[in-house]
Structures are given as structure tokens and as C-alpha cells.
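Take a look at the structure set out below.
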Amino acid sequence: KAGVTQTPRYLIKTRGQQVTLSCSPISGHRSVSWYQQTPGQGLQFLFEYFSETQRNKGNFPGRFSGRQFSNSRSEMNVSTLELGDSALYLCASNPSGGRASNEQFFGPGTRLTVL
Amino acid sequence: DQQVKQNSPSLSVQEGRISILNCDYTNSMFDYFLWYKKYPAEGPTFLISISSIKDKNEDGRFTVFLNKSAKHLSLHIVPSQPGDSAVYFCAASADDYKLSFGAGTTVTVRA
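Top to bottom, those sequences are chains A and B. Taking the working numbering, the leading residue of the first sequence gets 176, the next gets one more, and so forth. Taking the working numbering, the leading residue of the second sequence gets 2, the next gets one more, and so forth.
Here you go:
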């Protein structure tokens, strides 16, 4: 079974631009979560989707948005990029769609650099 | 507001000895706790978990201990092996479809 895939793996943008990241969960997984990892901050929760519905959202500004498609693939978008948005963005899928206590499977991440 | 804290950013241990990683949390609603391991250029991988109804869970060389009254958990790795060198994240969950992570502890196992 293929793991969680994220595209692109690396991305360089300039301030003010917008970016879209993509995540394909493990086949059969219906829950997709997004996290931002920065040095010293660990992983910060962005949002979680299940069956195309956002069920929870972290404390990020409205510039960060996401969506999930009927095939469970998910995208996240960051508009008006700032230098502080430089981070590793991780996507995770959950097999049951239940609460996050179930094991989450992470993709390799997209490394975003904002210049 | 960091609800899960790993106060030791790094840990160096000799091969064959015990590694002890610590984690503290502040949210009393957390009832499930997990440890993840992360190698460079890879996503975190699940290591071991514990429910709040237990105080210990063991899986091979890995044991997680939970002290609810102190809001503290720890991960013991015995014996430590070179392949254990990685970043370890503590995570906690309430009934809200998300995980709250600590900042991570980088473990280096010396030969």
C-alpha cells in the first residue's frame, strides 16, 4: 500500500505570493490533517478534514486555508506569503476517521521557503 | 500556547544504555498520548501510545509511562541503538480530531 504522498517536496516563493500544497492520503483513509513544523516549535496543527468537511482548525490566520476532495485528496493554500511561513508542511492521514488518538500516518512533507 | 512541552531539546546517550525522554502537558482534557520518531527528510512515524486509563505501555525496547497527577509522561528506550538517533515528538489528544505536539527532543546514540 502506498504511503501518504505530498507534492511538491520543495518550494521557493517570494513574499506576497500564494502557494498550494497537495496531499494524497493512504488509500481508504478518509481523514487528512495538516501540520506546520518550524524549528523549536514542533508540529503545529493547521486543520483536519473528513469527508470533505473541516472538523477542526488550529490557531492560524485566515491566510491559511484548505479543502478536501471527494477522493480524500487534500490541498492547503497559503495566500500573501510572509517570511515566517517558511516551514515544513506535513500532511497526515488517519485510517478510521475517528479521533486523533488513532495512529496518524505522515507524509514526507513539503519544505516551503519564502524569500 | 504550548500545551505539550518537551523541555530537553537534545539528549546524548551511549549505545546500550537507557534513553529517557520526558514530556509535560497542561491540558487536563488530554486522554491519549503518543510518541513519534522523525528522521531527517521523512515524516514522523508512530512509535508507541498510551491511554489515560493506563500508566504504562510497553512495546519491545520502548516503554511509555504516564503520571496523570503530575501531567507527565516519559519514553524509555532500552537498550539504545544507533538507529534510534532521531527527533522524538510527544503528542497528546483530546476528543477534537487533532494532535498537540511538543517541540521535540533530538536523541543522539553514541557508539
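Backbone N, C-alpha and C define an ideal beta-carbon position, used for all residues, glycine too.
Residue i, buried or exposed, once every other Cβ within 10 Å from all chains shown has been counted against 16
i                      : result
residue 99 of chain B  : buried
residue 260 of chain A : buried
residue 30 of chain B  : exposed
residue 214 of chain A : exposed
residue 1 of chain B   : Chain B is shown only over 2 to 112; residue 1 of chain B falls outside these bounds and no answer can be derived.
residue 83 of chain B  : exposed
residue 174 of chain A : Coverage of chain A is limited to positions 176 through 290, which leaves residue 174 of chain A absent and any answer about it impossible.
residue 19 of chain B  : exposed
residue 264 of chain A : buried
residue 51 of chain B  : buried
residue 236 of chain A : exposed
residue 199 of chain A : buried
residue 203 of chain A : exposed
Where residue i sits in the DSSP three-state scheme
i                      : result
residue 258 of chain A : helix
residue 85 of chain B  : helix
residue 40 of chain B  : coil
residue 74 of chain B  : strand
residue 1 of chain B   : Limits of chain B in this structure are 2 at one end and 112 at the other, which puts residue 1 of chain B out of reach.
residue 243 of chain A : strand
residue 234 of chain A : coil
residue 221 of chain A : strand
residue 53 of chain B  : coil
residue 264 of chain A : strand
residue 28 of chain B  : coil
From the options, residue whose alpha carbon lies closest to that of residue i
i                      : options                    : result
residue 106 of chain B : B:33, B:39 and B:53        : B:39
residue 293 of chain A : A:225, A:220 and A:284     : Examination of residue 293 of chain A is not possible in this model, given that chain A is present from 176 through 290 alone.
residue 72 of chain B  : B:21, B:10 and B:27        : B:27
residue 93 of chain B  : B:110, B:74, B:81 and B:83 : B:74
residue 206 of chain A : A:286, A:287 and A:266     : A:266
residue 239 of chain A : A:253, A:185 and A:262     : A:253
Neighbourhood of residue i by C-beta distance below 8 Å, restricted to the same chain and skipping five residues each side
i                      : result
residue 63 of chain B  : 36, 48, 49, 76, 77 and 78
residue 233 of chain A : 219, 220, 221 and 222
residue 201 of chain A : 176, 177, 178, 179, 268, 270 and 280
Sequence-distant residues of the same chain with beta carbon closer than 7 Å to residue i, five excluded per side
i                      : result
residue 257 of chain A : 190 and 289
Contacts around residue i, its chain only, beta-carbon distance under 6 Å, and the 5 residues preceding and following it disregarded
i                      : result
residue 10 of chain B  : none
residue 196 of chain A : 251, 264 and 285
> Listed in chain order, which residues of the stretch 36-52 of chain B have Cβ atoms closer than 9 Å to some Cβ of chain A?
Replying inline: Answer in chain order: 37, 39, 42, 43, 44, 45, 46, 47, 50 and 52.
> Taking Cβ-Cβ distances below 8 Å as the criterion, which residues of the stretch 213-244 of chain A are in contact with chain B?
Replying inline: Under the 8 Å Cβ criterion, the stretch 213-244 of chain A contributes 215, 216, 217, 218, 219, 220, 223, 225, 230, 231 and 233.
>> Any C-beta of chain B within less than 7 Å: which residues of the stretch 242-272 of chain A qualify?
In response: Taking 7 Å as the Cβ-Cβ cut-off against chain B, the residues of the stretch 242-272 of chain A that qualify are 265.
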